[in-house]
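Engineer: First residue of the sequence shown? That's 2 in this note's numbering, and the numbers climb one at a time after it.
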Amino acid sequence: MPPAAAGGIVVSAGLLPGGDTGRVKLSEFESAMDEEFGALGRVLRTDLVIAELDGRTVDEALGAGIPAAEVWLALCRVQEVPRARWHGRGRPDPQK
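#1: Please list the segments of the beta strand (DSSP E) lying wholly inside the region 26 to 60, counting only runs of 3 or more residues, in order along the chain.
#2: Are there three or more Cβ pairs, one per stretch, closer than 8 Å when the region 35 to 52 is compared with the region 79 to 86?
#3: For tryptophan 87, which of helix, strand or coil comes out of DSSP?
#4: Compute the beta-carbon to beta-carbon distance between valine 72 and alanine 62, rounded to the nearest angstrom, for a pair I have assumed lies under 8 Å.
#5: Taking the alpha helix (DSSP H) that valine 79 belongs to, which residues open and close that run?
#6: If you count every other CB in all the chains shown that lies within 10 Å of the CB of leucine 74, and 16 or more means buried, which is it?
#7: In three-state DSSP terms, what is glycine 64?
#8: Please name the residue, chosen from Asp60, Ala52, Asp48, Ala65, that lies closest to arginine 78 on a Cα-to-Cα basis.
Listed below in C-alpha cells is the structure:
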C-alpha cells in the first residue's frame with residue numbers, strides 16, 4: 002500500500018478518499034512522532050527494532066532510505082497505535 006500525506010501528517014493510501022498518494026517530509030514525520038509518542042519517541046527511534054523494516058530501528062530505516070511514511074506506518078503497527086491515529090494524533094480522521 003503506497004503512503005500518502007494529508008495536512009502534513011502521515012496517512013496510508015486508502016485512509017484518504019480516492020487513495021491519494023504523496024511523499025512525507027522528515028519534518029512531518031518528526032512532528033507525528035512527537036505528537037503520538039512524546040519523549041518516548043526518542044527511545045523508539047533508536048532502540049526499537051522493527052521486523053517489518055528488515056530488523057532496523059526507525060533511525061536505521063530512515064538512514065537506509067526507507068520512506069518516512071513506510072517507517073511511520075510500520076511503527077504504528079508494531080506499537081499498536083489505533084488506526085484512527087495513523088494520520089496524526091488529535092487530528093480528525095480523513096475518512097469521516
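Note that beta-carbon positions come from the ideal geometry of N, C-alpha and C, so glycine has one too.
Structural biologist: Taking the coordinates as given:
#1: none
#2: yes
#3: coil
#4: 5 Å
#5: 69 to 79
#6: buried
#7: helix
#8: Ala52
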